[in-house]
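Residues 28 to 175 in our numbering are what the sequence shown spells out, letter by letter.
Just so it is clear, CB atoms sit at the ideal spot from N, CA and C, and this is done for glycine as well.
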Amino acid sequence: KAEIKLFPEEEEEEVRYILKEWGFKGELLDKATKQIVSNEDSWIDFLTKSELGLEEPESPALGAFITLIAFIAGSLITLFPYFINLGIISLVLSSVISFSMLFIVGVVKTRITGENKLRGGVEMLIVGTIAFLISYFIGTWMEQIVPT
């Protein structure tokens with residue numbers, strides 16, 4: 028949405044380019060482009076689906092279920108070293124896996140956002156590290172408040 032507001036000419040050209048790739052020509056190309064960009068919602072929807080290949084989930088419940096499975100799978104991968112029970116090595120391995128996964132997710136995210144891969148990976152790593160630190164300090168604080 029921001030790109031359409033900041034760079035409307037470039038985004039309109041993207042629509043035109045996609046339609047050309049689909050075989051639109053001449054007057055039909057002009058009319059189709061004008062029709063799509065005349066409504067911001069349809070413009071965003073068109074670019075989201077055709078340029079980025081993203082679709083709305085068929086149902087919110089299915090989207091939530093897929094997210095749940097992804098979180099469980101990601102969690103199990105990072106917890107795997109604890110199943111082996113190698114003491115402090117499990118903590119180190121789990122941390123390395125967690126940070127690696129955060130970086131990889133950040134890099135994969137750039138396929139959608141279009142930003143630099145290294146920057147995307149580092150940003151996700153920083154956000155994940157901050158979330159970890161906040162969780163750790165809240166847990167430490169709660170441990171002092173709630174008797175065990």
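Can you tell me whether residue i is buried or exposed, with buried defined as 16 or more other CB within 10 angstroms of its CB?
{"i": "Met151", "result": "buried"}
{"i": "Phe130", "result": "buried"}
{"i": "Gly133", "result": "buried"}
{"i": "Trp49", "result": "exposed"}
{"i": "Gly90", "result": "exposed"}
So, helix, strand or coil for residue i, using DSSP?
{"i": "Ser117", "result": "helix"}
{"i": "Val42", "result": "helix"}
{"i": "Trp168", "result": "helix"}
{"i": "Thr137", "result": "helix"}
{"i": "Lys201", "result": "Nothing about residue 201 can be read from this structure; the chain reaches only from 28 to 175."}
{"i": "Thr156", "result": "helix"}
{"i": "Gly148", "result": "helix"}
{"i": "Phe51", "result": "coil"}
{"i": "Glu37", "result": "helix"}
{"i": "Val123", "result": "helix"}
{"i": "Val132", "result": "helix"}
Looking only at C-alpha atoms, which of the options sits nearest to residue i?
{"i": "Thr75", "options": "Ile104, Lys58, Ile45", "result": "Ile45"}
{"i": "Val149", "options": "Ser162, Val135, Ile161", "result": "Val135"}
{"i": "Ala59", "options": "Phe110, Arg43, Ile71", "result": "Arg43"}
Counting only beta-carbon separations shorter than 8 Å, does residue i have a partner in chain B?
{"i": "Asn143", "result": "The structure shown contains no chain B; it holds only a single protein chain."}
Would you say the segment 152 to 169 touches the segment 119 to 138, given that touching needs at least three Cβ pairs under 8 Å?
yes
Three or more C-beta pairs closer than 8 Å, one from the segment 63 to 73 and one from the segment 97 to 111: is that the case here?
As far as the Cβ criterion goes, the segment 63 to 73 does not touch the segment 97 to 111, which means the pair count is below three.
Determine, using beta-carbon pairs with one atom in the segment 166 to 174 and one in the segment 135 to 144, whether at least three such pairs fall under 8 Å.
no
Any chance you could list the alpha helix (DSSP H) runs of at least 4 consecutive residues sitting entirely within the segment 61 to 113, in chain order?
67 to 77, 87 to 111
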